[in-house]
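Visitor: Those sequence lines, one after another, are chains A and B. Mapping of the first sequence onto this note's numbering: position 5 corresponds to residue 5, and the numbering continues sequentially without gaps. Mapping of the second sequence onto this note's numbering: position 311 corresponds to residue 311, and the numbering continues sequentially without gaps. We treat Cβ as the ideally placed atom computed from N, Cα and C, and that holds for glycine.
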Amino acid sequence: MSAAQHEIVVAGLADLEERERLVVEVDGVELGIYFHAGEVRAWHNVCPHQGGPVCQGKIMPRTVQTVREDRKNGGPAFHPSDRTIVCPWHGFEFDIGTGRHPSAPGIGLRPIPVRVQGDDVIVTIRGDQPGFPGR
Amino acid sequence: MPEQDPSARPRIRELAEIGGRTDTRDVLAHATAQAHREYDDYFIVDIDAHVSEDHFWAEVLELIDNDVWRHIGMDQLGKFAGNNALLNIQPGMSQQSVGGRIGHQGRKEPLDGVTGHPFVGAARRGMDAMGLDYQVVFPSAMLLLGMHPQDEIEVVLGRAFNRWLTEVVLPQDDRLKGMLYLPYNTPEACEELVERYAGDDGIIGYTVCSTRNNPVHSDVYTRLYKLIEDSGKPLAFHSGYHWGDPSFAQLNRFLSMHALSFTHYNQIHVTNWIINAMPERFPKLRMVWVESGLAWIPFLMQRLDHEVLMRPSEAPGLTRLPSEYMRDMWYTSQPMERTSMELLEAGMKAFGAETQLLYSSDWPHWDWDAPSTITRLPFLSEQAKRNILGLNAARVFNLPTDRRKPAAQRVLQDRPGIS
Ligand code: FES
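1) Could you compute how far the alpha carbon of B:Asp-48 sits from the alpha carbon of B:Gly-92?
2) Looking at B:Gln-334: is its Cβ nearer than 7 Å to the Cβ of B:Asp-369?
3) Just reading off the beta strand (DSSP E) that B:Gln-409 is part of, what are its end residues?
4) Looking only at its own chain, which residues have a Cβ that is under 6 Å from the Cβ of B:Lys-385, when we skip the five neighbours before and after it?
5) Using the beta-carbon of each residue, which ones in chain A are nearer than 7 Å to B:Val-98?
6) Hey, which residues come within less than 5 Å of the ligand FES, measuring from Cβ to any heavy atom, in chain order?
7) For B:His-242, which of B:Pro-400, B:Arg-253 and B:Pro-234 has the nearest alpha-carbon?
8) Let me know the secondary structure DSSP gives B:Ser-140 once reduced to three states.
9) Measure the beta-carbon distance from B:Ile-268 to B:Ala-315 and round it to whole angstroms, keeping in mind my assumption that it falls under 8 Å.
10) Compute the Euclidean distance between the alpha carbons of B:Ser-97 and B:Arg-107, then round it to the nearest angstrom.
11) Using only the alpha-carbon positions, how far apart do B:Gln-250 and A:Val-10 sit?
12) State buried or exposed for B:Asn-392, treating a residue as buried only when at least 16 other CB atoms are found within 10 Å of its CB.
13) Using the three-state DSSP reduction, which class does A:Ala-37 fall into: helix, strand or coil?
14) Is the beta carbon of B:Gly-202 less than 7 Å from the beta carbon of B:Lys-233?
15) Identify, in the order they occur along the chain, each residue of the same chain with its Cβ nearer than 8 Å to the Cβ of B:Arg-212, setting aside the five sequence neighbours on each side.
16) Since B:Tyr-225 and B:Gly-131 are thought to touch, with beta carbons under 8 Å apart, how far apart are those beta carbons, to the nearest angstrom?
17) Just the C-alpha distance for B:Asn-84 and A:Pro-76, rounded to the nearest angstrom, thanks.
18) Output needed in chain order: residues of the stretch 53-81 of chain A with a Cβ under 7 Å from some Cβ in chain E.
19) Just the C-alpha distance for A:Ala-42 and A:Leu-22, rounded to the nearest angstrom, thanks.
20) DSSP state of B:Phe-43, grouped into three classes?
21) Starting from A:Phe-78, trace the beta strand (DSSP E) both ways and give me its first and last residue.
22) Could you say which of B:Leu-260, B:Leu-86, B:Tyr-221 and B:Leu-380 lies nearest to B:Arg-70 if we only look at CA atoms?
23) To be precise: take each residue of the stretch 358-387 of chain B, compare its Cβ to all Cβ atoms of chain A, and keep it if any distance is under 9 Å. Which residues remain?
24) Enumerate in chain order the residues of its own chain whose CB-to-CB distance from B:Pro-279 is below 6 Å, with the five nearest sequence positions on each side excluded.
25) Just confirm the distance between the C-beta atoms of A:Glu-25 and B:Leu-63, as a whole number of angstroms; I'd bet it's less than 8 Å.
26) Under a Cβ-count criterion, where at least 16 other Cβ atoms within 10 Å of its own Cβ denotes burial, should A:Arg-52 be classed as buried or exposed?
27) Have a look at B:Asp-23 and B:Glu-109 and give me their C-alpha separation to the nearest angstrom.
28) Anything in the stretch 89-117 of chain B with a Cβ closer than 9 Å to a Cβ of chain A? List those residues in chain order, please.
29) Could you compute how far the alpha carbon of B:Ser-231 sits from the alpha carbon of B:Leu-285?
30) What in chain B is Cβ-close to A:Leu-22, meaning under 8 Å?
31) Please state whether the Cβ-Cβ distance between B:Ile-89 and B:Ala-129 is less than 7 Å.
32) Once the 5 residues before and after B:Lys-405 are set aside, which same chain residues still bring their CB inside 7 Å of it?
33) Output needed for A:Pro-130: all residues of its chain with C-beta closer than 7 Å, excluding positions within five of it in sequence on either side, in chain order.
34) Does A:Val-121 have its Cβ less than 7 Å from a Cβ in chain B?
35) Taking the alpha carbon of B:Trp-289 as the reference point, which residue from B:Met-329, B:Ser-261, B:Gly-317 and B:Ser-381 has its own alpha carbon closest?
36) Along the chain, where does the beta strand (DSSP E) that runs through A:His-6 open and close?
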């Protein structure tokens with residue numbers, strides 16, 4: 001590990017499981033930590049669109065288009081398990097697990113390394129990381 | 001994991017979810033950080049913002065100068081229509097917030113403790129957080145009034161809103177400026193308003209809500225245009241949507257209707273304005289086209305040039321090509337389409353953005369743009385960015401360019417985005 005990066009315990013796993021999402025600022029770096037489908041993810045709280053506080057928005061089920069018999073429109077529906085992070089500034093949505101926009105997979109959130117040890121959720125923050133608010 | 005030395009333990013601060021009741025300064029804390037790093041020394045004028053006046057609709061209704069309409073409005077206010085009393089917007093079709101995903105659209109921010117009128121307090125929070133020196137406020141709920149079947153209602157609400165703006169709001173903070181609402185379905189009422197407010201310092205221009213079917217070249221407006229030209233203040237056409245328009249009623253999603261209708265109305269009005277050679281008849285009238293984004297501008301320039309070259313007898317008043325007249329007009333930036341930087345750069349070159357583009361935020365609407373949308377454009381010179389963000393507006397609207405906003409660092413210190 002380089003001198004510029006350090007590991008930090010940012011949450012307890014049981015607490016995160018219950019809350020699903022926690023957004024914190026650690027020494028000037030803002031990040032969202034998520035528990036979904038048995039996995040833990042951490043994303044920078046900086047939206048790729050205009051730098052908004054993406055992790056502080058709502059978490060929503062992904063909306064899908066259903067199709068009935070003979071390719072008829074079945075209307076929109078909520079996906080039973082996929083969840084998206086919705087940026088509160090303009091509504092860009094990102095899959096919690098992959099960080100990708102559902103319509104433009106090339107647009108995505110920047111990940112932060114995260115691991116679980118016991119009940120500790122530990123992230124790796126780099127001092128030079130471009131994760132400062134609004135960047 | 002090795003134990004952390006308590007003295008070296010990082011400071012962890014939790015940030016709350018942002019929703020409809022979140023303090024504007026917290027919603028915009030990242031914009032304040034952008035201002036601090038990127039544009040704190042820029043002079044910035046926001047030509048189009050909407051502090052939601054529907055929260056104060058009772059105050060506007062009280063100022064209606066016709067006893068009968070005031071009575072009906074106040075009666076509706078306390079009953080089924082609430083803050084939409086007398087208005088023709090359809091709340092059930094107002095899907096801007098994407099099912100509540102974007103909380104600041106139609107937000108209900110607690111404003112206890114702000115000094116002065118809560119409208120002004122909310123606007124000041126937004127201006128300081130985004131690093132704006134001036135902001136021009138515009139009514140949101142009245143954007144569709146041009147389609148109201150009762151012209152009288154447009155007139156009484158227009159007059160009442162203008163009084164509320166000039167008597168209640170603008171005197172409280174001279175960083176806030178207004179554009180007078182013109183009840184354009186009734187030209188005589190517009191003339192009377194221009195004559196009454198031409199000398200008001202808080203009023204820096206006049207607005208027509210573009211969502212309407214009036215031909216802008218009609219002779220019923222010539223006296224009005226002359227009065228506006230003589231006042232030296234610009235005339236702005238603020239676009240909007242109307243899902244009830246038969247063409248747009250074919251569109252089954254808010255996004256489709258929104259994408260097309262906001263550009264549609266201003267395209268119609270610019271086309272009529274130019275093809276009927278209005279710039280030749282009112283050469284000093286400064287025209288500003290608001291909230292249609294930018295992508296439509298190069299399209300219309302080429303399209304009209306193409307047609308006029310083939311059919312000059314149908315536009316006999318023109319001495320130049322339509323695109324040349326369009327280069328003399330001003331346009332506001334939001335919502336600035338930018339998925340292709342090449343197209344955006346070409347479009348900006350086409351209409352001369354360096355001198356003709358005016359930054360607008362449209363805050364707090366769902367598709368608002370922060371000033372960083374301009375500062376981060378890779379192809380603009382430093383001077384072009386400064387022009388677009390404020391110096392062009394200072395020229396068009398006669399605003400002094402001294403700094404009016406607090407330092408972004410101080411805004412962040414006072415309220416570091418805690419939520
Ligand atoms: S900044 Fe996130 S959607 Fe615009």
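Guide: Checking against the coordinates, here is how it stands:
1) Start at 1 with the first residue of the second sequence, and residue 48 of chain B comes out as number 48. Start at 1 with the first residue of the second sequence, and residue 92 of chain B comes out as number 92. Cα-Cα distance, rounded: 25 Å.
2) Translated into the one-based positions of the second sequence, residue 334 of chain B becomes position 334. Translated into the one-based positions of the second sequence, residue 369 of chain B becomes position 369. Yes; because the gap between Cβ atoms is below 7 Å, this pair is in contact.
3) Taking the second sequence and counting its residues from 1, the one referred to as residue 409 of chain B is at position 409. Going by DSSP, B:Gln-409 is part of no beta strand (DSSP E) but of the alpha helix (DSSP H) stretching over 408-414.
4) Numbered from its first residue, the second sequence carries residue 385 of chain B at position 385. Excluding residues up to 5 positions away in sequence, Ile-374 and Thr-375 lie with their Cβ nearer than 6 Å to the Cβ of B:Lys-385 in the same chain.
5) If you number the second sequence from 1, residue 98 of chain B lands on position 98. In chain order: Gly-91.
6) Summarising the contact set, residues whose Cβ lies nearer than 5 Å to any heavy atom of the ligand FES are, in chain order, A:Cys-47, A:His-49, A:Gln-50, A:Gly-52, A:Cys-87, A:Trp-89, A:His-90 and A:Phe-92.
7) Stepping through the second sequence from its first residue, residue 242 of chain B is reached at position 242. Cα-wise, what sits closest to B:His-242 is B:Arg-253.
8) Locating residue 140 of chain B in the second sequence gives position 140, counting from the first residue. In this structure, B:Ser-140 counts as coil in the three-state DSSP scheme.
9) The residue you call residue 268 of chain B lines up with position 268 of the second sequence. The residue you call residue 315 of chain B lines up with position 315 of the second sequence. The pair is not a contact, with the Cβ atoms about 16 Å apart (cut-off 8 Å).
10) Here the question's residue 97 of chain B lines up with position 97 in the second sequence. Here the question's residue 107 of chain B lines up with position 107 in the second sequence. Distance between the alpha carbons of B:Ser-97 and B:Arg-107 is about 10 Å.
11) As a first step, residue 250 of chain B is located in the second sequence; it is residue number 250 there, counting from the start. As a first step, residue 10 of chain A is located in the first sequence; it is residue number 10 there, counting from the start. Cα-Cα distance, rounded: 50 Å.
12) Position 392 of the second sequence, counting from 1, holds the residue named residue 392 of chain B. Classification of B:Asn-392: buried, given that the 10 Å Cβ count is 16 or more.
13) Within the first sequence, residue 37 of chain A is the residue found at index 37, counting from 1. DSSP, reduced to helix, strand and coil, places A:Ala-37 outside both helices and strands of the structure shown, so it counts as coil.
14) As a working note, residue 202 of chain B is residue 202 in the second sequence. As a working note, residue 233 of chain B is residue 233 in the second sequence. Taking 7 Å as the Cβ cut-off, B:Gly-202 and B:Lys-233 do not qualify as a contacting pair.
15) Within the second sequence, the letter at position 212 stands for residue 212 of chain B. The beta carbon of B:Arg-212 lies closer than 8 Å to those of Gly-146, Met-147, Tyr-184, Asn-185 and Tyr-265 in the same chain, with the five residues before and after it left out.
16) For the purposes of this step, residue 225 of chain B is identified with residue 225 of the second sequence, where counting begins at 1. For the purposes of this step, residue 131 of chain B is identified with residue 131 of the second sequence, where counting begins at 1. Contact between B:Tyr-225 and B:Gly-131 does not hold, since their C-beta atoms are separated by about 35 Å, which reaches or exceeds 8 Å.
17) Here residue 84 of chain B refers to the residue found at position 84 when the second sequence is read from its first residue. Here residue 76 of chain A refers to the residue found at position 76 when the first sequence is read from its first residue. Spanning the alpha carbons of B:Asn-84 and A:Pro-76 requires a straight line of approximately 30 Å.
18) Among the protein chains of the structure shown, namely A and B, there is no chain E.
19) Working through the first sequence from its first residue, we reach residue 42 of chain A at position 42. Working through the first sequence from its first residue, we reach residue 22 of chain A at position 22. When rounded, the separation of the alpha-carbon atoms in A:Ala-42 and A:Leu-22 is 9 Å.
20) Position 43 of the second sequence, counting from 1, holds the residue named residue 43 of chain B. Looking at B:Phe-43 - three-state DSSP - the assignment turns out to be coil, as it is neither helix nor strand.
21) Position 78 of the first sequence, counting from 1, holds the residue named residue 78 of chain A. Bounds of the beta strand (DSSP E) holding A:Phe-78 are 73-86.
22) Stepping through the second sequence from its first residue, residue 70 of chain B is reached at position 70. Cα-wise, what sits closest to B:Arg-70 is B:Leu-86.
23) For the stretch 358-387 of chain B, the beta-carbon criterion of a distance under 9 Å to any beta-carbon of chain A is satisfied by Trp-366, Asp-367, Trp-368, Asp-369, Ala-370, Ser-372, Thr-373 and Arg-376.
24) Along the second sequence, one-based indexing puts residue 279 of chain B at 279. Correct list, in chain order: Tyr-325.
25) Within the first sequence, residue 25 of chain A is the residue found at index 25, counting from 1. Within the second sequence, residue 63 of chain B is the residue found at index 63, counting from 1. Between B:Leu-63 and A:Glu-25 the Cβ distance is about 45 Å, and since that is not below 8 Å, they are no contact.
26) Counting from one through the first sequence, the residue named residue 52 of chain A turns up at place 52. This sequence places Gly at residue 52 of chain A; Arg is not what is there. Buried.
27) Translated into the one-based positions of the second sequence, residue 23 of chain B becomes position 23. Translated into the one-based positions of the second sequence, residue 109 of chain B becomes position 109. Whole-angstrom Cα-Cα distance: 6 Å.
28) Legend: CB atoms of the stretch 89-117 of chain B lying less than 9 Å from CB atoms of chain A belong to residues Ser-97, Val-98, Gly-99, Gly-100, Arg-101, Ile-102, Gly-103 and His-104.
29) For the purposes of this step, residue 231 of chain B is taken as the residue at position 231 of the second sequence. For the purposes of this step, residue 285 of chain B is taken as the residue at position 285 of the second sequence. Going by the C-alpha atoms only, they are around 9 Å apart.
30) If you number the first sequence from 1, residue 22 of chain A lands on position 22. Per Cβ cutoff of 8 Å: Glu-14.
31) In the second sequence, residue 89 of chain B corresponds to position 89, counting from 1. In the second sequence, residue 129 of chain B corresponds to position 129, counting from 1. No, Cβ-Cβ distance for B:Ile-89 and B:Ala-129 is not below 7 Å.
32) Counting from one through the second sequence, the residue named residue 405 of chain B turns up at place 405. Within the same chain, Cβ atoms closer than 7 Å to the Cβ of B:Lys-405 are found at Met-127, Asp-128, Gly-131, Leu-132 and Asp-133, the five residues on either side in sequence being excluded.
33) Counting from 1 along the first sequence, the entry for residue 130 of chain A is found at position 130. With a pLDDT of 48 at A:Pro-130, under the threshold of 50, the predicted position of this residue should be treated as unreliable, though the coordinate-derived value follows. None.
34) Locating residue 121 of chain A in the first sequence gives position 121, where the first residue counts as 1. For A:Val-121, the answer is no, since every Cβ of chain B falls outside 7 Å of its Cβ.
35) In the second sequence, the residue the question calls residue 289 of chain B occupies position 289. Considering only alpha carbons, the answer is B:Met-329.
36) Start at 1 with the first residue of the first sequence, and residue 6 of chain A comes out as number 6. It spans 5-12 - the beta strand (DSSP E) in which A:His-6 sits, taken as one unbroken run.
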